[in-house]
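Asks:
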Amino acid sequence: MGVYQRDGRFMVYWHEEGKRRDKSFGRGEVARLQAEAFDLAIQQAKANLNVPVQEVQVTEPGAEPVAHQEEPGVGAEEVQAEMPLATSVATVASVAVPAKRVTFGQLSMMYLDHLRVSGRTPKHIANLENLLKSMFFDILGRDTLVEGMTYLKDIVPFIKEMQGVSPQTKKPRSQSCVNRYCDYLDAIFNFGIEMELISRNPMKGRKKAKEKPRDVQVGVDDLRRIMECAEPHVRWAMEVCFNLGTRPGPSELFALRYENVDFSAGTVRIFATKTQTYRTVPVTSAFLDRLKEMRGHSRSGYIVEYDGKPVTTIRKSFNKACVKAGITVDFRMYDLRHLFATTMLANGADLAAVSKLMGHSTVKMTADVYYHYLEGEKERAVSKLPSLIAV
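With the UniProt record's numbering, letter number 19 in the sequence shown gets 19, and the count goes up by one each step, no holes.
(1) Can you tell me where the alpha helix (DSSP H) holding Ile303 begins and where it ends?
(2) Between the Cα of Met203 and those of Leu388, Ala187, Glu211, spot the shortest distance and give me the residue it belongs to.
(3) Report yes if the CB atom of Leu128 is closer than 9 Å to the CB atom of Ile198, and no otherwise.
(4) Along the alpha helix (DSSP H) that carries Phe25, what are the first and last residues, could you check?
(5) Roughly how many angstroms lie between the CA atoms of Val218 and Leu345, to the nearest whole one?
(6) Return helix, strand or coil for Gly2, following the three-state DSSP convention.
(7) The beta strand (DSSP E) with Ile270 in it runs from where to where?
(8) Please return the same chain residues whose Cβ sits closer than 7 Å to the Cβ of Ser383, not counting the five positions on each side in sequence.
(9) Give me whichever residues DSSP pairs with Tyr13 in a beta bridge.
(10) Am I right that Val240 and Leu339 are in contact with their C-beta atoms under 8 Å? What's the rounded C-beta distance?
(11) Confirm, please, whether the CB-CB distance from Lys153 to Asn179 is below 9 Å.
(12) For the alpha helix (DSSP H) that contains Thr342, what are its first and last residues?
(13) What runs of the alpha helix (DSSP H), each 4 residues or longer, lie entirely inside the segment 92–173?
(14) Check whether the segment 319–337 and the segment 284–295 are in contact - that is, three or more C-beta pairs closer than 8 Å.
(15) By DSSP's criteria, Glu279 is part of a beta bridge. Which residues make up the other side?
(16) Can you tell me whether Ala381 is helix, strand or coil according to DSSP?
(17) Helix, strand or coil: which one does DSSP assign to Asp289?
(18) Tell me Lys316's beta-bridge partners as DSSP assigns them.
(19) Using the Cα positions of Glu293 and Gly105, report the straight-line distance between them to the nearest angstrom.
(20) Where do the ends of the alpha helix (DSSP H) carrying Ala352 lie?
(21) Do Leu145 and Arg101 count as a contact pair if the criterion is CB distance below 9 Å?
(22) At a cut-off of 8 Å, would you count Phe271 as near the ligand GTP, judging by its Cβ distance to the nearest heavy atom?
(23) Between the alpha carbons of Gly266 and Leu256, how many angstroms are there, rounded?
(24) Count the other C-beta atoms from every protein chain shown that fall within 10 angstroms of the C-beta of Ala352, then say buried if there are 16 or more, exposed otherwise.
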């Protein structure tokens with residue numbers, strides 16, 4: 001039993017009464033998922049002849065059953081539309097999906113495959129897979145049927161567990177971390193609904209808790225002190241991050257190349273792997289000159305490099321520079337991105353423009369992240385109103 005491809009079409013094969021049988025589901029992502037669901041139904045039917053199945057009509061073009069040509073050494077046999085496996089799978093003229101039989105583990109693995117063919121980064125997929133296997137499956141149960149999961153019975157205990165102490169940091173997880181884990185679950189269940197593998201989302205009823213804003217206690221002057229104590233490549237990475245507002249790390253900052261810079265227009269084009277979108281950020285003439293200068297020393301083509309090679313992390317070197325500069329508060333490279341936004345807002349920049357430069361999907365997202373800062377800006381804006389009473 002198994003799923004394979006022939007001429008771009010997704011196929012399922014299995015053996016019945018000593019003969020190989022094959023079925024085509026057409027091309028595309030929907031066809032792949034339907035083939036996997038059918039393969040699962042066959043496996044369950046072989047294991048338990050009483051597994052109920054429901055019929056879901058194939059709508060993907062080219063998904064009609066086709067005859068399988070015998071291949072040397074395989075012993076396959078041509079099959080027609082009707083291919084009963086004992087009495088467990090009633091028909092394969094349509095896609096057989098086990099009714100209410102998809103487990104959380106199966107759905108999660110299908111979702112990971114969906115991310116792989118949708119262009120998400122291998123790092124993001126690996127991180128999510130690690131979370132699933134190290135925490136989510138232990139709490140929710142890998143073999144738990146999704147249709148039997150409910151908000152009160154399964155999701156509330158999951159959230160309470162996530163609000164506890166992290167084994168890694170020995171501290172309670174932040175609300176932003178808890179929200180992110182819940183968002184992962186929500187995406188998995190919504191994917192299941194979209195693919196018609198489940199009928200409802202167990203996360204329904206959850207109210208997303210408001211996250212406590214991160215209080216960045218380091219200003220531009222402190223930033224300059226850190227840069228003075230940093231190694232050259234770290235100093236340059238900090239300068240780039242602050243001037244462009246990039247997400248630090250391989251997703252944006254370390255992926256930038258000089259070919260992304262339009263030196264004539266004075267702009268840098270940044271691809272955000274998180275949102276799968278491009279954004280164009282204009283730069284100051286002073287920073288443009290710095291880019292021209294550093295390009296002359298580049299050996300890899302990447303804007304941030306070390307010893308002529310691309311960089312993947314500078315965390316240790318950055319933390320060392322912070323200690324050397326006498327910074328005693330918690331400060332991360334990501335906080336440079338926050339400084340990029342708050343510095344512009346403090347100087348009267350338009351919220352919508354800042355949102356575009358940050359690469360946020362909506363202005364509301366920017367407002368939600370910086371709402372604590374915008375409260376003070378509202379007071380400053382109101383203070384500029386003139387008095388209507390003559391003095």
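Note that beta-carbon positions come from the ideal geometry of N, C-alpha and C, so glycine has one too. In this text, all values refer to a predicted model and were calculated from it rather than measured experimentally.
Replies: So, from the listed chains and residues:
(1) For Ile303, there is no enclosing alpha helix (DSSP H), as DSSP marks it with neither H nor E.
(2) Answer by Cα proximity: Ala187.
(3) Their beta carbons are not under 9 Å apart, which means Leu128 does not touch Ile198 by this criterion.
(4) Element bounds for Phe25: n/a, residue is neither H nor E.
(5) About 16 Å.
(6) Looking at Gly2 - three-state DSSP - the assignment turns out to be strand.
(7) Counting along the chain, the unbroken beta strand (DSSP E) around Ile270 starts and ends at 267–272.
(8) Cβ within range, chain order: n/a, list empty.
(9) Tyr13 is bridged to Gly2, Asp22.
(10) Distance from Val240 to Leu339 at the Cβ level is roughly 13 Å; contact not present, criterion being Cβ atoms closer than 8 Å.
(11) Contact: no.
(12) The continuous alpha helix (DSSP H) containing Thr342 extends over residues 334–346.
(13) List check, alpha helix (DSSP H) in window: 104–117, 122–131, 137–140, 156–162.
(14) Contact between the segment 319–337 and the segment 284–295 is absent, because fewer than three Cβ pairs lie under 8 Å.
(15) First, the amino acid is wrong: residue 279 is Arg here, not Glu. Its beta-bridge partners are Ile270.
(16) Correct three-state label for Ala381: helix.
(17) Helix at Asp289.
(18) Checking the DSSP bridge columns, you'll see Lys316 has no partner listed.
(19) Whole-angstrom Cα-Cα distance: 52 Å.
(20) Residues 351–358.
(21) It is a contact, given that the beta carbons lie within the stated cut-off.
(22) Although the ligand GTP was asked about, the structure shown includes no ligands whatsoever.
(23) When rounded, the separation of the alpha-carbon atoms in Gly266 and Leu256 is 15 Å.
(24) Ala352 should be labelled exposed.
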